[in-house]
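Line order of the protein sequences matches chains A and B.
Here the working numbering is used: the first residue of the first sequence is 4, the next is one more, and so on.
Here the working numbering is used: the first residue of the second sequence is 4, the next is one more, and so on.
Even for Gly, the Cβ is constructed at its ideal location relative to N, Cα and C.
Protein chains: 2
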Amino acid sequence: MSLQEKTEWIAVDWGQTRQRVWVMGAGGNLLAERSADQGMERLTRDGFETTLLAMIEDFLSDARTTPVLCSGMVGSAEDWAEVPFQAVPCAPQSADSFVSARTGDARIAVTIVPGLSQTSPAPDLMRGEETKIAGFLQSSPKFDGVLVMPGTHSKWVHISAEEVVSFQTFLTGELYALLARQSVLRNAVAIGGWDDAAFESGVSEAISRPESVAAKLFSLQAESLLAQGTPEAARARLSGLLIGMELAATRPYWLGQNLTVLAAPDIGKIYARALSLQGLQAPVLDSAPLVREGLQTAYEALTAAKD
Amino acid sequence: MSLQEKTEWIAVDWGQTRQRVWVMGAGGNLLAERSADQGMERLTRDGFETTLLAMIEDFLSDARTTPVLCSGMVGSAEDWAEVPFQAVPCAPQSADSFVSARTGDARIAVTIVPGLSQTSPAPDLMRGEETKIAGFLQSSPKFDGVLVMPGTHSKWVHISAEEVVSFQTFLTGELYALLARQSVLRNAVAIGGWDDAAFESGVSEAISRPESVAAKLFSLQAESLLAQGTPEAARARLSGLLIGMELAATRPYWLGQNLTVLAAPDIGKIYARALSLQGLQAPVLDSAPLVREGLQTAYEALTAAKD
């Protein structure tokens with residue numbers, strides 16, 4: 004059988020600046036992967052379809068329509084499809100909320116998985132994480148507790164009975180990048196390297212006195228100029244201060260809770276270390292396969308709904 | 004008398020990206036002003052002198068050497084002059100710590116005013132603010148209390164007996180600019196406009212629960228997408244959250260202290276409002292003339308030291 008004939012459906016993780024595509028055969032069999040770096044901000048309606056076709060054209064058959072399931076920031080592409088957020092508490096994905104995108108090419112049928120919204124206790128949004136959560140729940144349907152999802156915008160997600168009960172987003176990763184690369188601290192903070200003690204004291208100080216973080220940021224610069232610290236220690240300390248702030252704010256999410264960290268292994272290890280300083284042992288699960296697994300669940304739900 | 008003959012000395016506020024020059028006659032008489040926008044990062048030793056001469060050449064006389072007094076980030080130009088920080092507690096300026104820069108042009112004699120450093124309670128640095136403080140103390144020598152100096156890097160400075168006792172720097176202004184212009188919040192936050200209630204609730208929430216600021220930043224984005232707020236309110240709220248964080252951290256500086264805010268009038272008014280929410284009435288003094296007044300004091304001290 005040719006690759007086109009084997010292709011049953013296609014999964015797409017469509018982020019603000021990067022797209023990943025998985026070409027799927029029968030029974031969840033992964034046939035091929037592709038990725039692209041196409042910023043979303045300037046894409047028109049036709050642009051979305053063109054971008055998608057450029058990645059998947061090799062796998063399409065003229066004889067039939069291939070389902071394409073997308074999640075992530077593409078849900079905000081109002082030009083292409085109106086995808087309303089699903090309000091929590093709710094399942095991370097449900098087939099009746101999926102939305103079809105307008106396409107011109109008859110070889111594809113594009114479906115978009117919506118993000119989740121929350122109005123209380125605080126307004127919040129996610130787009131893409133709901134798919135990772137669905138992927139996680141696929142293998143851990145009984146999970147009751149809190150998922151910690153570090154990243155540019157970290158999410159803390161309270162899960163019970165296969166539903167997202169509530170969640171909270173932090174700018175920790177983005178703040179780190181802005182401070183380390185673009186602020187006055189940029190010459191004080193190393194690109195790589197690490198110092199456990201500096202990280203740990205940063206976390207502890209931020210948790211015990213979160214208001215002091217605002218004051219301690221400039222100290223990194225002063226320490227650097229007064230030759231009192233290394234750039235590697237400054238990097239670890241900055242990371243510790245910001246993650247400590249996040250832990251100070253999420254205390255209700257982790258105190259006495261069952262936690263699992265979903266992340267790339269390097270950042271997952273850092274969060275697990277910060278949590279262990281609070282006496283919490285949280286397993287770290289590699290988040291890389293979760294989007295595909297979540298989209299597999301979405302595809303199966305969609306297929307079942309159509310039968 | 005020609006302008007060259009009238010010129011007695013020249014004052015320079017030399018910042019990281021901007022230079023301001025005041026041409027001074029006898030008795031503190033201001034003859035002319037100039038400014039330039041020359042980034043410091045790539046200037047070589049000769050580059051500093053060339054940049055300076057381009058601004059002041061019109062006022063120099065071949066018949067004698069004109070004193071030029073500089074303060075600000077130029078003190079970090081190690082290529083041009085080694086200017087060690089003065090450790091607090093100390094007077095904001097003292098003539099015996101001034102440093103001569105190496106120049107090739109015999110018409111000028113350049114003197115640089117050093118910045119201040121602190122090793123405890125926390126490492127900290129200032130370059131330029133010491134000159135504003137000297138300018139302030141010139142007209143208020145009996146001041147005993149705390150100077151609040153908002154800006155890209157706000158400074159809180161404890162003054163007693165005409166000395167800087169201690170100080171603390173905050174990245175508040177820089178954090179605001181990074182978050183409002185470069186982060187995911189950039190579309191949610193207006194460039195102008197204001198909302199008093201949003202500012203005040205931001206300040207109060209940050210002071211009472213500083214750890215919550217990390218969580219509330221992303222809410223600005225969510226509120227914007229869920230159409231629950233205006234960009235003007237988001238701007239005021241972001242400002243309130245960050246200034247509130249600063250006030251939470253500086254409580255020992257303002258609780259029961261005598262305060263004066265030195266700032267541009269618009270930002271000074273915002274800080275005064277935040278302080279008044281804590282029951283503190285702090286006068287706001289326009290900081291614009293203070294560098295020149297501080298350099299006038301420095302010039303007089305230098306002249307007296309040479310006599």
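Quick check: what's the CA-CA separation for residue i versus residue j?
| i | j | result |
| --- | --- | --- |
| A/Thr20 | A/Gln41 | 5 Å |
| A/Thr300 | A/Ser142 | 11 Å |
| B/Ala80 | B/Ser215 | 40 Å |
| A/Ser120 | A/Leu128 | 5 Å |
| A/Gln22 | B/Asp147 | 60 Å |
| A/Ala217 | A/Asp16 | 36 Å |
| A/Asp130 | A/Ala200 | Residue identity differs from the one stated: residue 130 of chain A is Arg in this sequence, not Asp. If I take the Cα positions, the gap works out to 35 Å. |
| A/Tyr302 | B/Thr155 | 50 Å |
| A/Ser123 | A/Val160 | 14 Å |
| B/Pro144 | B/Ala164 | 8 Å |
| A/Val113 | A/Leu55 | 10 Å |
| B/Met27 | B/Leu293 | 15 Å |
| B/Ile136 | B/Pro117 | 13 Å |
| B/Leu188 | B/Arg254 | 28 Å |
| B/Leu182 | A/Gln224 | 20 Å |
| B/Pro153 | B/Ser169 | 16 Å |
| B/Glu85 | B/Val102 | 7 Å |
| A/Thr53 | A/Pro286 | 41 Å |
| A/Pro95 | A/Gly282 | 29 Å |
| B/Gly75 | A/Ala252 | 38 Å |
| A/Glu44 | A/Gln231 | 43 Å |
| B/Ile59 | B/Leu34 | 12 Å |
| A/Gly176 | B/Ala57 | 44 Å |
According to the neighbour-count rule (16 or more other Cβ atoms, all chains shown, within 10 Å of its Cβ), is residue i buried or exposed?
| i | result |
| --- | --- |
| A/Trp83 | buried |
| B/Ser186 | buried |
| B/Gly297 | buried |
| B/Ala307 | exposed |
| A/Arg295 | buried |
| B/Asp269 | exposed |
| B/Asp65 | exposed |
| A/Leu63 | buried |
| B/Leu305 | buried |
| B/Thr68 | exposed |
| A/Asp99 | exposed |
| A/Ser5 | exposed |
| A/Arg184 | exposed |
| B/Ile194 | exposed |
Residue i by DSSP, collapsed to three states: which one?
| i | result |
| --- | --- |
| A/Asp16 | strand |
| A/Glu133 | helix |
| A/Val71 | strand |
| A/Ser97 | coil |
| A/Leu229 | coil |
| B/Trp257 | helix |
| B/Ala191 | coil |
| B/Leu181 | helix |
| A/Thr47 | coil |
| B/Leu250 | helix |
| B/Leu244 | helix |
| B/Leu283 | coil |
Give the DSSP bridge partners of residue i, in chain order.
| i | result |
| --- | --- |
| A/Phe173 | A/Ser157 |
| B/Ile162 | B/Gly148 and B/Val167 |
| A/Thr306 | According to DSSP, which records beta bridges pairwise, A/Thr306 is partnered with nothing at all. |
| B/Gln41 | According to DSSP, B/Gln41 bridges with nothing at all. |
| A/Met4 | In the DSSP output, where bridge partners are listed per residue, A/Met4 has none listed. |
| B/Ser120 | B/Ala90 and B/Leu128 |
| B/Gln22 | B/Trp17 and B/Ala39 |
| B/Leu63 | Per DSSP, none; premise fails for B/Leu63. |
| A/Leu265 | A/Leu288 |
| B/Thr114 | B/Leu72 and B/Ser103 |
Along chain A, in chain order, which residues have C-beta atoms closer than 8 Å to that of residue i?
| i | result |
| --- | --- |
| B/Ser169 | Within chain A, no residue comes near B/Ser169; the closest Cβ sits about 12 Å away, beyond 8 Å. |
| B/Leu185 | It should be pointed out that residue 185 of chain B corresponds to Gln in this sequence rather than to Leu. In chain order: Leu181 and Gln185. |
| B/Glu177 | Ser186 and Val187 |
| B/His161 | By Cβ distance, chain A contributes nothing, its closest Cβ being about 14 Å from B/His161, past 8 Å. |
Taking C-beta pairs closer than 7 Å, name the residues in chain A that residue i reaches, listed in chain order.
| i | result |
| --- | --- |
| B/Met248 | Glu214 and Ala217 |
| B/Thr172 | Phe221 |
| B/Ala252 | Glu214, Ser215, Ala217 and Ala218 |
Under 8 Å between beta-carbons, which chain B residues line up against residue i? List them in chain order, please.
| i | result |
| --- | --- |
| A/Ala266 | Neighbours of A/Ala266 on chain B: none; closest Cβ ~18 Å, over 8 Å. |
Using the beta-carbon of each residue, which ones in chain B are nearer than 7 Å to residue i?
| i | result |
| --- | --- |
| A/Glu354 | Chain A is shown from 4 up to 310; residue 354 of chain A falls before or after that span and cannot be answered. |
Residue i versus chain B: which residues are under 9 Å apart at the beta carbon?
| i | result |
| --- | --- |
| A/Phe146 | The contacting residues do not exist; A/Phe146 stays about 23 Å from chain B at best. |
| A/Leu280 | None at all; the shortest Cβ gap to chain B is about 16 Å. |
For residue i, return the contacting residues in chain A, with the cut-off set at a CB-CB distance below 9 Å.
| i | result |
| --- | --- |
| B/Gln231 | Thr122 and Pro126 |
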